[in-house]
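Comments concern the structure below.
Protein chains: 2
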Amino acid sequence: MSRALIAGLELGGTKTVVAIGDRDGTVAEEFRYPTTTPEETLAIAIDWWRERGEVVALGIASFGPLRLRRDAVDYGVYLTTPKLAWQGFSLVDFFAKYLPSAKLTIETDVNAALLAELKIGAAQGLKNALYLTVGTGIGAGVCCEGRLVHGMLHPEMGHLRVPRFVGDDFAGVCPFHGDCWEGVASGPAIEKRWGLPAHLLPEDHPAWEMEAYYLAQGLFSANTILSPERMILGGGVSQAPLLHERISEHMRHLSNGYFPDLGVLLSPPLLGQQAGIIGALLLNDTL
Amino acid sequence: MSRALIAGLELGGTKTVVAIGDRDGTVAEEFRYPTTTPEETLAIAIDWWRERGEVVALGIASFGPLRLRRDAVDYGVYLTTPKLAWQGFSLVDFFAKYLPSAKLTIETDVNAALLAELKIGAAQGLKNALYLTVGTGIGAGVCCEGRLVHGMLHPEMGHLRVPRFVGDDFAGVCPFHGDCWEGVASGPAIEKRWGLPAHLLPEDHPAWEMEAYYLAQGLFSANTILSPERMILGGGVSQAPLLHERISEHMRHLSNGYFPDLGVLLSPPLLGQQAGIIGALLLNDTL
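Chains as they are written, first to last, in the working numbering: chain B, 6 to 292; chain W, 6 to 292.
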């Protein structure tokens with residue numbers, strides 16, 4: 006009889022991570038490869054698991070937008086997305102066919118990363134937290150009163166509107182909204198505005214003051230709406246030197262004494278690049 | 006032996022409502038009177054109940070900010086508030102002394118109103134909803150995945166920042182932030198900007214286009230962060246004719262096709278002025 010596997014799958018815009026491990030988030034073995042079409046990407050995962058045993062539980066942490074409500078007829082289906090090969094693709098139908106023995110749990114990548122940070126990372130023991138990722142876009146996972154938030158679909162915090170930095174008339178890069186939050190503060194926005202990618206901009210470049218302002222605006226909005234106990238800043242852009250301190254300073258200015266120091270709520274992720282796949286394994290614990 | 010009472014208490018900035026009824030929200034009898042000091046206001050409630058029986062369960066829906074986490078040492082205490090007589094006052098200590106037999110449950114007024122709308126009103130059967138009240142300030146109750154949200158303290162959505170209406174250079178009325186959401190869109194903001202209280206401004210006054218813009222901005226922000234299934238607009242200002250239609254139009258513009266029509270999520274409260282006290286009674290059902 007083949008070995009019973011607890012599996013995790015992280016589907017990112019550019020890379021996919023497939024793993025086996027435990028329901029407590031321990032990764033026993035993992036494999037990373039580029040994300041292509043759904044059939045091709047998932048076939049590689051299926052083959053990788055098949056060499057190791059039989060998947061009995063599979064947690065999937067995926068980019069969105071996709072339907073997460075289990076009672077929806079299109080549960081597990083990708084909705085309108087620029088990744089056209091994935092639009093309309095059903096994770097549920099695919100795995101029902103190719104891994105019929107696996108109990109499936111699907112989450113957004115950011116909610117899974119937040120789950121990992123809540124269980125064994127930077128938000129351990131808390132019930133209200135936010136996991137923000139600032140990279141090729143801006144996305145956020147949200148947990149309120151101990152439950153990961155889906156809502157009608159799932160939060161799409163990157164499309165928040167924020168007041169503009171005084172003097173910044175950059176049109177923004179969001180194809181829908183121009184200067185929404187990710188339109189002015191994501192990695193591509195920084196690169197287009199300043200002509201250099203974020204990681205090549207020196208610590209004292211004016212880009213960082215503006216970036217801190219915009220991130221503070223969005224996090225301040227999230228604070229007024231969610232009252233989180235921790236706000237974790239993940240993704241490439243947010244790891245820039247001094248950025249957390251600068252964001253704290255801007256939030257202090259925005260708060261003007263109304264809220265206690267919001268800077269203390271900020272934290273880098275403790276699990277780094279591993280948060281997503283650890284979260285995917287942890288999803289199997291919520292069955 | 007005296008009659009066992011299920012009681013509700015709604016503490017508002019200007020008026021207090023005391024009631025007896027059922028855990029299902031049915032109000033058997035209620036009495037409204039002005040809110041003054043805590044001791045005076047609550048003594049009236051105690052006397053009113055005492056004439057009717059013995060309170061065994063009491064749900065309190067109160068203005069804030071106040072501590073709602075049951076594990077906090079200052080649970081049920083009013084925090085920094087312009088209502089100085091209430092600052093530092095402990096509801097828990099007071100009722101432990103004067104109604105020791107009553108099981109106490111405390112919520113914000115807006116969360117209680119939302120609870121009522123969720124159970125028997127405009128958000129019946131839903132798990133993710135928002136109750137916004139626009140009047141002397143802007144406040145919101147939030148429910149995510151079936152749980153009323155407290156978070157670190159509780160949402161203070163009125164202090165959200167929103168992009169300004171083009172050409173509007175009104176400084177705003179918030180003593181902390183000037184032009185935060187309630188600083189530009191609450192009843193007092195409307196009155197100060199236009200020189201007339203909201204209810205005296207005719208339907209075609211430019212004030213309403215601007216008000217719709219600002220309310221749409223804040224509701225759009227809430228949508229990106231919470232992905233609610235319903236957004237209920239309560240409070241005096243939000244009942245103005247055509248306002249919901251105008252807000253829908255502004256949200257459509259903000260969304261630009263990214264989100265499905267957000268206007269369909271908007272609803273007036275079904276329970277009107279009764280939502281708070283019905284919610285207070287319903288709190289006794291969550292024991």
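Ideal Cβ placement from N, Cα and C applies to all residues, glycine included.
DSSP bridge partner residues for residue i (one or two, in chain order)
| i | result |
| --- | --- |
| residue 35 (chain W) | W:24 |
| residue 272 (chain W) | W:237 |
| residue 102 (chain B) | According to DSSP, residue 102 (chain B) bridges with nothing at all. |
| residue 145 (chain B) | B:137 |
| residue 82 (chain B) | B:95 |
| residue 65 (chain W) | W:14, W:111 |
| residue 183 (chain W) | W:179 |
| residue 153 (chain B) | B:148 |
| residue 60 (chain B) | B:10 |
| residue 247 (chain B) | Per DSSP, none; premise fails for residue 247 (chain B). |
| residue 71 (chain B) | B:83 |
Supposed close pair residue i, residue j - CB separation, criterion 8 Å
| i | j | result |
| --- | --- | --- |
| residue 148 (chain W) | residue 123 (chain W) | 6 Å |
| residue 14 (chain W) | residue 121 (chain W) | No, residue 14 (chain W) and residue 121 (chain W) are not in contact; Cβ-Cβ is about 14 Å, not under 8 Å. |
| residue 159 (chain W) | residue 232 (chain B) | 6 Å |
| residue 189 (chain W) | residue 175 (chain W) | 6 Å |
| residue 60 (chain B) | residue 80 (chain B) | Not a contact, Cβ separation roughly 19 Å. |
| residue 248 (chain W) | residue 216 (chain W) | 7 Å |
| residue 58 (chain W) | residue 285 (chain W) | No, residue 58 (chain W) and residue 285 (chain W) are not in contact; Cβ-Cβ is about 17 Å, not under 8 Å. |
| residue 84 (chain W) | residue 72 (chain W) | 7 Å |
| residue 185 (chain W) | residue 177 (chain W) | 7 Å |
| residue 163 (chain B) | residue 274 (chain B) | Contact flag wrong, Cβ pair sits at about 18 Å. |
| residue 109 (chain W) | residue 237 (chain W) | About 26 Å separates the two Cβ atoms, so there is no contact after all. |
Rounded straight-line distance, which links the Cα of residue j to that of residue i
| i | j | result |
| --- | --- | --- |
| residue 45 (chain W) | residue 100 (chain W) | 13 Å |
| residue 82 (chain W) | residue 25 (chain W) | 24 Å |
| residue 187 (chain W) | residue 161 (chain W) | 10 Å |
| residue 226 (chain W) | residue 220 (chain W) | 10 Å |
| residue 234 (chain W) | residue 129 (chain B) | 29 Å |
| residue 253 (chain B) | residue 138 (chain B) | 17 Å |
| residue 169 (chain B) | residue 168 (chain W) | 7 Å |
| residue 68 (chain B) | residue 141 (chain B) | 12 Å |
| residue 145 (chain B) | residue 281 (chain B) | 13 Å |
| residue 35 (chain B) | residue 113 (chain B) | 19 Å |
| residue 181 (chain B) | residue 30 (chain W) | 44 Å |
| residue 263 (chain W) | residue 222 (chain W) | 15 Å |
| residue 8 (chain B) | residue 27 (chain B) | 13 Å |
| residue 157 (chain W) | residue 133 (chain B) | 7 Å |
| residue 194 (chain W) | residue 143 (chain W) | 11 Å |
| residue 213 (chain W) | residue 205 (chain W) | 12 Å |
| residue 257 (chain W) | residue 62 (chain W) | 45 Å |
| residue 251 (chain W) | residue 246 (chain B) | 44 Å |
| residue 208 (chain W) | residue 40 (chain B) | 54 Å |
| residue 131 (chain W) | residue 151 (chain W) | 8 Å |
| residue 104 (chain W) | residue 289 (chain W) | 15 Å |
| residue 89 (chain B) | residue 17 (chain B) | 14 Å |
| residue 183 (chain B) | residue 198 (chain B) | 13 Å |
| residue 116 (chain B) | residue 94 (chain B) | 20 Å |
| residue 37 (chain W) | residue 21 (chain W) | 6 Å |
| residue 239 (chain B) | residue 119 (chain B) | 10 Å |
| residue 49 (chain B) | residue 56 (chain B) | 11 Å |
| residue 91 (chain W) | residue 66 (chain W) | 15 Å |
| residue 19 (chain B) | residue 42 (chain B) | 11 Å |
| residue 77 (chain W) | residue 111 (chain W) | 13 Å |
Neighbouring residues, chain W, relative to residue i (Cβ below 8 Å)
| i | result |
| --- | --- |
| residue 230 (chain B) | 145, 147, 160, 162, 165, 226, 227, 230, 231 |
| residue 169 (chain B) | 168 |
Proximal residues of chain B, C-beta to C-beta of residue i below 9 Å
| i | result |
| --- | --- |
| residue 182 (chain W) | 259, 260, 261, 263 |
Under 8 Å by beta carbon: chain B residues contacting residue i
| i | result |
| --- | --- |
| residue 155 (chain W) | 133, 150, 232 |
| residue 222 (chain W) | 166 |
Partner residues on chain W for residue i, Cβ-Cβ distance less than 9 Å
| i | result |
| --- | --- |
| residue 244 (chain B) | Result: empty, since nearest Cβ-Cβ is about 23 Å, beyond 9 Å. |
| residue 72 (chain B) | The contacting residues do not exist; residue 72 (chain B) stays about 12 Å from chain W at best. |
Beta carbon proximity, residue i to chain D, threshold 7 Å
| i | result |
| --- | --- |
| residue 106 (chain W) | Absence of chain D from the displayed structure is noted, the protein chains being B and W. |
Determine which residues of the stretch 187-199 of chain W have a Cβ less than 8 Å from any Cβ of chain B, and write them out in chain order. none
Output needed in chain order: residues of the stretch 127-143 of chain W with a Cβ under 7 Å from some Cβ in chain B. 133
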